[in-house]
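Under the UniProt record's numbering, the residue at position 260 of the sequence shown is numbered 260, and the numbers go up by one with no gaps.
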Amino acid sequence: MDPRVLSFDVIFNATQDAMFIVEVDDNGTFRYLANNAAHQRLAGYSINDIQGKRPEEVLGEELGKIVASGYRKALEAGEPVEYEETLPFPAGVRTWQVRITPVFVNGKVRYLVGARKDITMQKKAERERESHLKELLKEKELLKITLLSIGDGVVTTDNCGKITSVNRAAEEITGWKAEEVMGKPFNEVFQLFSEKSGKKVMDPVSKVLKKGKIVGLANHTALLTKNGRKISIADSASPIVNEKGDIYGVVVIFRDITKERAMQQKMLDLSYRDFLTGLYNRRYVEEKISQLEKENIVPVSIIMADVNGLKLANDVFGHLEGDFILKKASFVLKKGLRPGGIAARWGGDEFLVVLPNADEQFCRKFVNKIRLRCKNANSPDNDQKFQLNLALGYAVKKKSNENLRKLIQEAEEMMYKNKMAEGRSFRHAVIKALLSTLSAKSMETEEHALRIKDLCLAIGVKLGLSAAELDELSLFAMLHDIGKVGIPEHILLKPGPLSQEEWEVMKRHPEIGFRIAQNTSDLVSIAKYILHHHERWDGKGYPMGLKGKEIPLLCRILAVADAYDAMTSERPYRSPMTKDTALLEIRNNSGSQFDPKVVELFLEIMQHEDN
Numbered sequence: 001m002d003p004r005v006l007s008f009d010v011i012f013n014a015t016q017d018a019m020f021i022v023e024v025d026d027n028g029t030f031r032y033l034a035n036n037a038a039h040q041r042l043a044g045y046s047i048n049d050i051q052g053k054r055p056e057e058v059l060g061e062e063l064g065k066i067v068a069s070g071y072r073k074a075l076e077a078g079e080p081v082e083y084e085e086t087l088p089f090p091a092g093v094r095t096w097q098v099r100i101t102p103v104f105v106n107g108k109v110r111y112l113v114g115a116r117k118d119i120t121m122q123k124k125a126e127r128e129r130e131s132h133l134k135e136l137l138k139e140k141e142l143l144k145i146t147l148l149s150i151g152d153g154v155v156t157t158d159n160c161g162k163i164t165s166v167n168r169a170a171e172e173i174t175g176w177k178a179e180e181v182m183g184k185p186f187n188e189v190f191q192l193f194s195e196k197s198g199k200k201v202m203d204p205v206s207k208v209l210k211k212g213k214i215v216g217l218a219n220h221t222a223l224l225t226k227n228g229r230k231i232s233i234a235d236s237a238s239p240i241v242n243e244k245g246d247i248y249g250v251v252v253i254f255r256d257i258t259k260e261r262a263m264q265q266k267m268l269d270l271s272y273r274d275f276l277t278g279l280y281n282r283r284y285v286e287e288k289i290s291q292l293e294k295e296n297i298v299p300v301s302i303i304m305a306d307v308n309g310l311k312l313a314n315d316v317f318g319h320l321e322g323d324f325i326l327k328k329a330s331f332v333l334k335k336g337l338r339p340g341g342i343a344a345r346w347g348g349d350e351f352l353v354v355l356p357n358a359d360e361q362f363c364r365k366f367v368n369k370i371r372l373r374c375k376n377a378n379s380p381d382n383d384q385k386f387q388l389n390l391a392l393g394y395a396v397k398k399k400s401n402e403n404l405r406k407l408i409q410e411a412e413e414m415m416y417k418n419k420m421a422e423g424r425s426f427r428h429a430v431i432k433a434l435l436s437t438l439s440a441k442s443m444e445t446e447e448h449a450l451r452i453k454d455l456c457l458a459i460g461v462k463l464g465l466s467a468a469e470l471d472e473l474s475l476f477a478m479l480h481d482i483g484k485v486g487i488p489e490h491i492l493l494k495p496g497p498l499s500q501e502e503w504e505v506m507k508r509h510p511e512i513g514f515r516i517a518q519n520t521s522d523l524v525s526i527a528k529y530i531l532h533h534h535e536r537w538d539g540k541g542y543p544m545g546l547k548g549k550e551i552p553l554l555c556r557i558l559a560v561a562d563a564y565d566a567m568t569s570e571r572p573y574r575s576p577m578t579k580d581t582a583l584l585e586i587r588n589n590s591g592s593q594f595d596p597k598v599v600e601l602f603l604e605i606m607q608h609e610d611n
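Printed below as a string of structure tokens:
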């Protein structure tokens, strides 16, 4: 073998680049002549697989034409060409950097020498770098957009505490534009103060650079804005570290919580308030008392007040009237309070007034003013159904070693003593007011009550009742319809018959009267009589449908007397009956509506009266 051929063959197969030789015939057809060992290994084609074959025969029609197009560029250019191509060879899909060099024979290109360099891993690394770069750019853009759109203020600094960026929210919160503060020290631009002491506090950037960890502002911190306004803020500051853990900056995130703080204060204030009256509640007073004890304030006056008859007002007129009385009491108690004074709802119908720096003389005057305001509040001009009446007691802390909670007990004891002492006169006033109200809103006049009382007593004497029973009967006769004060006037004064719905409302008055009597010690003994005074002998009455002797005797007596007086009295919707007609009606209903024995005695009394 020619040594030159042997030398070429050794060099051709020893090179690390994948090489191949293509023959070009007169028609421009390409056929492979040879490929070296590197090409065979990397492409997966032996020399026998390709020798004498066109690219289309080796790679398939479609891929072969693509490969042949690269060869044709070199053929037509008459000089080396370079390009990249990715091909699915038997050894796998690889990306190549290809160089095709034309070889001229007698002035014509007869051969093409191809050199392929496997750049698969290189291209993969490039793609990964490009992808990573795109991600970084995307993250940077996303961070920029986030910082601009985030609701919280964000300020970044370098490791010297100089500002490097300010987002839009930070500009709006502080009033500073980014261009005004870039490069300036954070603590010179953004000054922070304690809302409680008013003193300047250490900025979070300096804290982070000093401690090397995340820090947060203390509660009640204020930021001084560009225009000199102080706003409440909440913030945190974090170190910005590199891969080695070195701090190269600080990021501060903060928000304006002025409105939030105001809302919190409002919610706190509401938690200290009684919903109905708007006064402070017991919780607030307990805390205030602890504060007064701690500060050792002397003197301190304590006034305890209790609304007399509140349950009675609720039972008779409903809880709206009871609420109205409580509101009126709160107005009376808080009026005239000097700064620092507290009026509070202590619980239920009890109120407490705390007067710091008020001696006993001032306290007594204040109590007298409360009594006067109660009297004025009960003016006839006021639209109210129930008179406001307060039982009052007070105690005064005169020495620093006296306990305020003990003084509250003393004030409460005095209040209850006064309540007991004033109770009888108050109850009499209540009864008188209720009777006056009943007379004003219905046809139940005092004359009507007196006539019924006389008739009842006449029957009671005939039945042989004791003096005590006759006293009860007398009181019962006068107050049996007291429950009508809780019935609407349009029903009481309706000139015609009541509708079924109106009648059901009217039938509630015995129960209302029962509750009034139960809540008035002087009337407790007649409460059950008031409840049952509309029962019938045949069991068709109300509210419980008692019959016969199940009905208390005093109720059976009243039923006859009340019916007779009603029939013989004038009403807006009818003329009075004659005595004889009324007595006939009584006789006809004996054994059904009325107790026959009581009717018999009543008729005897009326007959005797005629004689």
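Don't be surprised by glycine CBs; every beta carbon is placed ideally from N, CA and C.
Problem - Those residues which DSSP pairs with D203 across a bridge - result: Answer by DSSP bridge pairing: none, since D203 is not bridged.
Problem - Sequence ranges, beta strand (DSSP E) only - wholly within the stretch 98 to 175, length at least 3 - result: 108 to 118, 153 to 158, 163 to 166
Exercise for the section: Look up E85 in the DSSP assignment and say whether it is helix, strand or coil. Expected result: strand
Problem - Residues near H448 by beta carbon distance below 8 angstroms, same chain, minus five either side - result: D565, S569
Handout entry: Whole-Å CB distance - K65 paired with Q97, under 8 angstroms assumed
Key = Not a contact, Cβ separation roughly 21 angstroms.
Problem - beta strand (DSSP E) runs wholly inside the UniProt domain "GGDEF" (298 to 432), at least 3 long, in chain order - result: 300 to 307, 342 to 347, 350 to 356, 390 to 397
Handout entry: Alpha carbon of K124 to alpha carbon of G153, nearest angstrom
Key = 41 angstroms
Handout entry: Start-end ranges of the alpha helix (DSSP H) lying completely within the stretch 456 to 505, minimum 4 residues
Key = 467 to 479, 489 to 492
Practice task
Find the nearest neighbour of S236 within the set A222, E260, V205, T225, judged by alpha-carbon distance.
Solution key: V205
Handout entry: DSSP bridge partner residues for residue 637 (one or two, in chain order)
Key = Outside the shown range of the chain (1 to 611) lies residue 637, about which nothing can therefore be said.
Handout entry: Nearest candidate by alpha-carbon position, reference E160, set K138, Q122, H220, Y248
Key = In the sequence as displayed, the identity of residue 160 is Cys instead of Glu. That would be Y248, whose Cα lies nearest to the Cα of C160.
Handout entry: Same chain, Cβ closer than 6 angstroms to P90, neighbours up to 5 away in sequence not counted
Key = G44
Handout entry: Euclidean distance between Cα positions of S525 and G548
Key = 22 angstroms
Exercise for the section: Quick one: measure Cβ to Cβ for A222 and I231, integer angstroms, because I've assumed they're closer than 8 angstroms. Expected result: 6 angstroms
Exercise for the section: Helix, strand or coil for M19, going by three-state DSSP, please let me know. Expected result: strand
Exercise for the section: Answer yes if the stretch 383 to 397 comes into contact with the stretch 406 to 417, meaning at least three C-beta pairs across the two stretches below 8 angstroms, and no otherwise. Expected result: yes
Practice task
Pull up the distance between the alpha-carbon of K484 and that of G513, whole angstroms please.
Solution key: 7 angstroms
Exercise for the section: Could you have a look at D562 and say whether DSSP puts it in helix, strand or coil? Expected result: helix
Exercise for the section: Output the distance between the C-alpha atoms of G114 and E128, rounded to the nearest integer angstrom. Expected result: 29 angstroms
Problem - Completely contained alpha helix (DSSP H) runs for the UniProt domain "PAS" (21 to 78), where each covers 4 or more residues - result: 37 to 43, 47 to 50, 55 to 59, 61 to 77
Exercise for the section: Give the secondary structure of Y280 by DSSP, where H, G and I count as helix, E and B as strand, and everything else as coil. Expected result: strand
Exercise for the section: Count the CB pairs spanning the stretch 314 to 332 and the stretch 520 to 536 that are closer than 8 angstroms, and state whether there are at least three. Expected result: no
Handout entry: At least three beta-carbon pairs within less than 8 angstroms, the stretch 364 to 375 to the stretch 327 to 339
Key = yes
Handout entry: Closest residue to F351 among I342, N357, D359, A358 (Cα-Cα distance)
Key = I342
Practice task
State the start and end residues of the unbroken beta strand (DSSP E) segment that holds residue 649.
Solution key: Because the chain spans 1 through 611 in this model, residue 649 falls outside it and cannot be assessed.
Problem - A313 versus R72, S46, K540, T520, residue with shortest Cα-Cα distance - result: T520
Problem - DSSP three-state assignment for L292, whether helix, strand or coil - result: helix
Handout entry: Whether S194 touches N296 by CB criterion (7 angstroms)
Key = no
Exercise for the section: Enumerate in chain order the residues of its own chain whose CB-to-CB distance from G591 is below 7 angstroms, with the five nearest sequence positions on each side excluded. Expected result: W537
Practice task
Hey, could you find the ends of the beta strand (DSSP E) I233 is sitting in?
Solution key: 230 to 241
Handout entry: DSSP bridge partner residues for Q191 (one or two, in chain order)
Key = L224
Practice task
From the DSSP output, in three-state form, read off P185 for me.
Solution key: strand
Exercise for the section: Going by CA-CA distance only, name the one from A467, L404, N281, L42 that's closest to T86. Expected result: L42
Practice task
May I ask you to report which of helix, strand or coil DSSP gives F12?
Solution key: helix
Problem - Assumed close pair E171, A178 - CB separation to whole angstroms, cut-off 8 angstroms - result: 6 angstroms
Practice task
Specify, as a first and last residue, the run of the alpha helix (DSSP H) that K579 falls within.
Solution key: 579 to 588
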